[in-house]
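I have placed the structure first, in the form of structure tokens, so that the comments after it can refer back to it.
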Amino acid sequence: TDALNVLLIIVDDLRPSLGCYGDKLVRSPNIDQLASHSLLFQNAFAQQAVCAPSRVSFLTGRRPDTTRLYDFNSYWRVHAGNFSTIPQYFKENGYVTMSVGKVFHPGISSNHTDDSPYSWSFPPYHPSSEKYENTKTCRGPDGELHANLLCPVDVLDVPEGTLPDKQSTEQAIQLLEKMKTSASPFFLAVGYHKPHIPFRYPKEFQKLYPLENITLAPDPEVPDGLPPVAYNPWMDIRQREDVQALNISVPYGPIPVDFQRKIRQSYFASVSYLDTQVGRLLSALDDLQLANSTIIAFTSDHGWALGEHGEWAKYSNFDVATHVPLIFYVPGRTASLPEAGEKLFPYLDPFDSASQLMEPGRQSMDLVELVSLFPTLAGLAGLQVPPRCPVPSFHVELCREGKNLLKHFRFRDLEEDPYLPG
Amino acid sequence: NPRELIAYSQYPRPSDIPQWNSDKPSLKDIKIMGYSIRTIDYRYTVWVGFNPDEFLANFSDIHAGELYFVDSDPLQDHNMYNDSQGGDLFQLLMP
Numbered sequence: 133t134d135a136l137n138v139l140l141i142i143v144d145d146l147r148p149s150l151g152c153y154g155d156k157l158v159r160s161p162n163i164d165q166l167a168s169h170s171l172l173f174q175n176a177f178a179q180q181a182v183c184a185p186s187r188v189s190f191l192t193g194r195r196p197d198t199t200r201l202y203d204f205n206s207y208w209r210v211h212a213g214n215f216s217t218i219p220q221y222f223k224e225n226g227y228v229t230m231s232v233g234k235v236f237h238p239g240i241s242s243n244h245t246d247d248s249p250y251s252w253s254f255p256p257y258h259p260s261s262e263k264y265e266n267t268k269t270c271r272g273p274d275g276e277l278h279a280n281l282l283c284p285v286d287v288l289d290v291p292e293g294t295l296p297d298k299q300s301t302e303q304a305i306q307l308l309e310k311m312k313t314s315a316s317p318f319f320l321a322v323g324y325h326k327p328h329i330p331f332r333y334p335k336e337f338q339k340l341y342p343l344e345n346i347t348l349a350p351d352p353e354v355p356d357g358l359p360p361v362a363y364n365p366w367m368d369i370r371q372r373e374d375v376q377a378l379n380i381s382v383p384y385g386p387i388p389v390d391f392q393r394k395i396r397q398s399y400f401a402s403v404s405y406l407d408t409q410v411g412r413l414l415s416a417l418d419d420l421q422l423a424n425s426t427i428i429a430f431t432s433d434h435g436w437a438l439g440e441h442g443e444w445a446k447y448s449n450f451d452v453a454t455h456v457p458l459i460f461y462v463p464g465r466t467a468s469l470p471e472a473g474e475k476l477f478p479y480l481d482p483f484d485s486a487s488q489l490m491e492p493g494r495q496s497m498d499l500v501e502l503v504s505l506f507p508t509l510a511g512l513a514g515l516q517v518p519p520r521c522p523v524p525s526f527h528v529e530l531c532r533e534g535k536n537l538l539k540h541f542r543f544r545d546l547e548e549d550p551y552l553p554g
Numbered sequence: 163n164p165r166e167l168i169a170y171s172q173y174p175r176p177s178d179i180p181q182w183n184s185d186k187p188s189l190k191d192i193k194i195m196g197y198s199i200r201t202i203d204y205r206y207t208v209w210v211g212f213n214p215d216e217f218l219a220n221f222s223d224i225h226a227g228e229l230y231f232v233d234s235d236p237l238q239d240h241n242m243y244n245d246s247q248g249g250d251l252f253q254l255l256m257p
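Just so you know, the protein sequences line up as chains A and B, in that order.
Residues 133 to 554, numbered by the working numbering, are exactly what the first sequence covers, in order.
Residues 163 to 257, numbered by the working numbering, are exactly what the second sequence covers, in order.
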């Protein structure tokens, strides 16, 4: 009868290159383990493949044509309407709401405050080492430091001796420890930075992906019939020092094959590094005995092209740019409640060759959208699902444009199991 | 209801031809919006004129289109838009 907590994990630029989505190369044992106890949506799509518009869209439950944010330069409450957000709705329903890392895109698109105090009970946390992400911290072959795209690092060598996602995990665990004894339920959003560029990750993760095992995209050419307006010229990739040195012609010049392999290697290594952070966070949730009272939602703001159609990064309508992972763990519903002392999410080391691929617990093949996150999380937590938005809805503070996905959580075998609660 | 099984996305562009800000155009520079509908069978996209002052798309000002069938072209490399009765299909499936 107690309210369920919510842990919302938002990853930056993560396409579904994960074991639980059928990727045979990528090592993501901790996310796979989460999926094994969850409902996984195979066909989930973002509403716009760029950070700020996508995040504002799914965090308000409205499409970009309603938030009127297509770039990075306006705050929806001023520019479009005073729309409620997911965390705001939970806060107004008695939850303690907390933000760690990149949840809202920072800057004017979230009022330079991550939409605080509307959305959050406390000022959002940002890791102190975030400020080095785009500085010259990547050791090049010349021994000098550069602002490269490919940036495997020795963590002991980087400023502050840590990386943003490590700090975010530590902060999130501290907040979970504090909330364990709280009388109020919590809504904790953790936004991880990787695998967003630059690929700045602990260098040991490269060893998981020897270059000789890295294939190119199956379709690395710009398709003949692609209208030029549809093509994304991946300008942010070109601006990195190591890519500039390749002297690639704009807009269609291809990246040399050897460098394409290195980009893919570093993307996958960044995903495995991210997986370890998710693993540490979920293991802590388990250790604190919060796994039986916490809904976990895992997703990404959009995907990322890895050379398909001669494109890199996001910024397009191709599926590789809009297709996202979407996974919900609901205690007692997507999996049985853990027994006393049982761990659902023990930390799994991606370097452990003995670890077996875990299949998703339950899957849906239906097409779904990130705008559905708002009504679905509200419904799963037992809150009233916001009503559908009228058209237009600029004057309506609380409504949702996405479908409520609750029907996907009705499992006949669970409903027939008299020993399961709920 | 086929609309129950559709996912929508969109992306703005400043021009018909790729240029320095095609990836991340500022609102004032957006001239074209690419609206996509996805079903389990296909992705259909129309790139239409867009007025950034009024936030209005003009669906009679079509700059380009894309149509990819999931079964025969899962990687979306063969644009069938010009081979299709695309406009009719889009009108049918508009939200």
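For each residue, glycine too, the CB sits at the ideal point set by N, CA and C.
For residue i, the first and last residue of its enclosing alpha helix (DSSP H)
i, result
"Asn162 of chain A", "Pro161 to Ser168"
"Pro350 of chain A", "No alpha helix (DSSP H) holds Pro350 of chain A; DSSP gives it neither H nor E."
"Thr217 of chain A", "Unbroken run through Thr217 of chain A: none, as it is neither H nor E."
"Ala513 of chain A", "Premise fails: Ala513 of chain A is in no alpha helix (DSSP H) and is neither H nor E."
"Ile305 of chain A", "Pro296 to Met311"
"Glu184 of chain A", "Note that residue 184 of chain A is Ala in the sequence shown here, rather than Glu. Residues Cys183 to Thr192."
"Asp451 of chain A", "Asp451 to Thr454"
"Ile194 of chain B", "Not the alpha helix (DSSP H): Ile194 of chain B falls in the beta strand (DSSP E), residues Ile194 to Arg200."
Minimum C-alpha distance to residue i - residue among the options
i, options, result
"Leu489 of chain A", "A:Asp145, A:Leu157 and A:Gly275", "A:Leu157"
"Glu117 of chain A", "A:His278, A:Leu277 and A:Gly233", "Chain A is shown from 133 up to 554; residue 117 of chain A falls before or after that span and cannot be answered."
"Phe319 of chain A", "A:Leu140, A:Phe541 and A:Ala176", "A:Leu140"
"Lys298 of chain A", "A:Ser160, A:Pro334 and A:Ala349", "A:Pro334"
"Gly493 of chain A", "A:Ala167, A:Ala178 and A:Val410", "A:Ala167"
"Ser253 of chain A", "A:Val228, A:Ser316 and A:Asp246", "A:Val228"
"Tyr448 of chain A", "A:His434, A:Pro457 and A:Asp484", "The question names Tyr, yet the displayed sequence has Ser at residue 448 of chain A. Taking only the C-alpha atoms, the option nearest Ser448 of chain A is A:His434."
"His258 of chain A", "A:Pro291, A:Leu295 and A:Glu224", "A:Leu295"
"Pro167 of chain B", "B:Ile202, B:Phe212 and B:Ile179", "First, the residue type needs correcting, since residue 167 of chain B is Leu and not Pro in the sequence shown. Of B:Ile202, B:Phe212 and B:Ile179, the residue nearest in Cα terms is B:Ile202."
"Ser398 of chain A", "A:Leu343, A:Leu191 and A:Gln179", "A:Leu343"
"Met367 of chain A", "B:Pro176, B:Ser177 and B:Gln181", "B:Gln181"
"Leu406 of chain A", "A:Ile142, A:Leu348, A:Asp134 and A:Leu136", "A:Ile142"
"Asp390 of chain A", "A:Val382, A:Leu378 and A:Phe400", "A:Leu378"
"Phe215 of chain A", "A:Lys535, A:Val528, A:Ala486 and A:Arg542", "A:Val528"
"Leu422 of chain A", "A:Ala472, A:Phe526 and A:Ser402", "A:Ala472"
"Pro499 of chain A", "A:Lys535, A:Asp203 and A:Arg542", "Here residue 499 of chain A turns out to be Leu, not Pro, going by the sequence shown. Taking only the C-alpha atoms, the option nearest Leu499 of chain A is A:Lys535."
"Glu336 of chain A", "A:Val285, A:Val517 and A:Cys270", "A:Val285"
"Ile192 of chain B", "B:Pro176, B:Leu218, B:Ala219 and B:Asp215", "B:Pro176"
Nearest-angstrom Cβ-Cβ length linking residue i and residue j, presumed shorter than 8 Å
i, j, result
"Phe477 of chain A", "Ser415 of chain A", "6 Å"
"Val375 of chain A", "Tyr363 of chain A", "Val375 of chain A to Tyr363 of chain A, Cβ: 18 Å. No contact."
"Tyr324 of chain A", "Asp144 of chain A", "6 Å"
"Tyr173 of chain B", "Gly196 of chain B", "5 Å"
"Leu502 of chain A", "Ala184 of chain A", "No, Leu502 of chain A and Ala184 of chain A are not in contact; Cβ-Cβ is about 14 Å, not under 8 Å."
"Asn280 of chain A", "Leu480 of chain A", "Not a contact, Cβ separation roughly 30 Å."
"Met198 of chain B", "Tyr170 of chain B", "Note on identity: in this sequence residue 198 of chain B is Ser, with Met being the wrong assignment. Yes, they are in contact, since the Cβ atoms of Ser198 of chain B and Tyr170 of chain B sit about 7 Å apart, within 8 Å."
"Ile395 of chain A", "Trp444 of chain A", "7 Å"
"Phe222 of chain A", "Leu191 of chain A", "Between Leu191 of chain A and Phe222 of chain A the Cβ distance is about 12 Å, and since that is not below 8 Å, they are no contact."
"Gly193 of chain A", "Arg412 of chain A", "Not really, about 30 Å apart at Cβ, beyond 8 Å."
"Val188 of chain A", "Thr199 of chain A", "5 Å"
"Leu308 of chain A", "Leu420 of chain A", "6 Å"
Endpoints, the beta strand (DSSP E) within which residue i is located
i, result
"Glu228 of chain B", "Leu218 to Phe231"
"Trp209 of chain B", "Tyr204 to Asn213"
"Asn177 of chain B", "Reading off the sequence, residue 177 of chain B comes out as Ser, not Asn. No beta strand (DSSP E) contains Ser177 of chain B, which DSSP labels as neither H nor E."
"Ala401 of chain A", "Careful: Ala401 of chain A lies outside any beta strand (DSSP E), inside the alpha helix (DSSP H) at Val389 to Asp419."
"Cys283 of chain A", "Leu282 to Val285"
"Val143 of chain A", "Asn137 to Val143"
"Thr426 of chain A", "Thr426 to Ser432"
"Pro236 of chain B", "Where Pro236 of chain B is concerned, there is no enclosing beta strand (DSSP E), given that its DSSP letter is neither H nor E."
"Thr229 of chain A", "Val228 to Gly233"
"Pro330 of chain A", "Taken as a continuous stretch (DSSP letters only), Pro330 of chain A belongs to no beta strand (DSSP E), as it is neither H nor E."
Any chain C beta carbon closer than 8 Å to residue i
i, result
"Asn345 of chain A", "Note that chain C does not occur in the displayed structure, where the protein chains are A and B."
(request) May I ask you to list, following chain order, the residues of the region 229 to 247 of chain B that have a beta carbon less than 7 Å from some beta carbon of chain A? (result) Leu237, Gln238, Asp239, His240 and Asn241
(request) Can you give me, in chain order, the residues of the region 440 to 454 of chain A that have a beta carbon less than 9 Å from any beta carbon in chain B? (result) Glu440, His441, Ala445, Lys446, Tyr447, Ser448, Asn449, Phe450, Asp451, Val452, Ala453 and Thr454
(request) Quick one: which residues of the region 493 to 509 of chain A get their C-beta closer than 8 Å to a C-beta of chain B? List them in chain order. (result) Met497, Asp498, Leu499, Val500 and Glu501
(request) Check distances from the C-beta atoms of the region 343 to 362 of chain A to those of chain B and list, in chain order, the residues that come in under 7 Å. (result) Pro350, Asp351, Pro355, Gly357, Leu358, Pro359, Pro360, Val361 and Ala362
(request) Taking a Cβ distance cut-off of 8 Å, strictly less, list which residues of the region 455 to 488 of chain A are near chain B, in chain order. (result) none
(request) Output, in sequence order along the chain, the residues in the region 176 to 194 of chain B whose CB is closer than 7 Å to any CB in chain A. (result) Asp178, Ile179, Pro180, Trp182, Ser184, Asp185, Lys186, Pro187, Ser188, Leu189, Ile192 and Ile194
(request) Can you give me, in chain order, the residues of the region 139 to 153 of chain A that have a beta carbon less than 7 Å from any beta carbon in chain B? (result) none
(request) Identify each residue in the region 203 to 225 of chain B for which the Cβ-Cβ distance to at least one residue of chain A is less than 7 Å, and report them in chain order. (result) Arg205, Thr207, Trp209, Phe217 and His225
(request) Quick one: which residues of the region 280 to 307 of chain A get their C-beta closer than 9 Å to a C-beta of chain B? List them in chain order. (result) none
(message) Counting only Cβ-Cβ distances shorter than 9 Å, please list the residues of the region 194 to 206 of chain A near chain B, keeping chain order.
(response) Arg195, Pro196, Asp197, Arg200, Leu201, Tyr202, Asp203, Phe204, Asn205 and Ser206
(request) Report the residues of the region 392 to 424 of chain A with a CB closer than 9 Å to any CB of chain B, ordered along the chain. (result) none
(message) What are the residues in the region 177 to 193 of chain A lying within 8 Å of chain B by C-beta distance?
(response) Phe177, Ala178, Gln179, Gln180, Ala181 and Val182
(message) Quick check on the DSSP output: what are the complete alpha helix (DSSP H) runs of length 4 or more inside the region 468 to 537 of chain A, in order along the chain?
(response) 505 to 512
(message) Closer than 9 Å between beta carbons: that is the criterion. Which residues of the region 366 to 386 of chain A meet it against chain B?
(response) Trp366, Met367, Asp368, Val382, Pro383 and Tyr384
(request) Note down, in chain order, all residues in the region 513 to 537 of chain A with a beta-carbon under 7 Å from any beta-carbon belonging to chain B. (result) none
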